[in-house]
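Convert by adding 1 to the 1-based position in the sequence shown; the result is the number in my numbering.
Here a beta-carbon is modelled for each residue, glycine too, at the ideal position from N, C-alpha and C.
Following: one structure in structure tokens, then a few remarks.
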Amino acid sequence: MSLVSGRFLNDFLRAIARWQIDVDALLGDLPVGWSGSQRQHELVEWDLFVELMRRLERRVQGPQGLEDLGELIAGLKPARTLRRLAGLSASPLT
Numbered sequence: 002m003s004l005v006s007g008r009f010l011n012d013f014l015r016a017i018a019r020w021q022i023d024v025d026a027l028l029g030d031l032p033v034g035w036s037g038s039q040r041q042h043e044l045v046e047w048d049l050f051v052e053l054m055r056r057l058e059r060r061v062q063g064p065q066g067l068e069d070l071g072e073l074i075a076g077l078k079p080a081r082t083l084r085r086l087a088g089l090s091a092s093p094l095t
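Laid out in structure tokens, this is it:
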């Protein structure tokens, strides 16, 4: 079973809340911890994350809206760290 970091998901949900997306309505009946300003460090099953992203795509009216939100993901701390690690692993020096 694949899992998504609860810490990343909480950061992501806080970021989309700044886009005036009602996160509580988006999550609905999904058993995903969301604490607003507090971090949740639980792991979230991949299938739940996929369903959340499907709901988000419908909420932002399609792939273009998701692409616009992708800029938020790129700005989150875990994404910056992952980009640096990818750069290091792809470097000819390593």
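Would the beta-carbon of leucine 67 fall within 8 Å of that of leucine 57?
yes
Note down the Cα distance separating leucine 31 from valine 24, rounded to an integer number of angstroms.
11 Å
Our contact map puts leucine 4 next to tryptophan 35 with C-beta atoms below 8 Å; I'd like the distance itself, whole angstroms only.
About 17 Å separates the two Cβ atoms, so there is no contact after all.
Whose C-alpha, out of Ala16, Asp12, Leu27 and Leu44, is nearest the C-alpha of arginine 59?
Leu27
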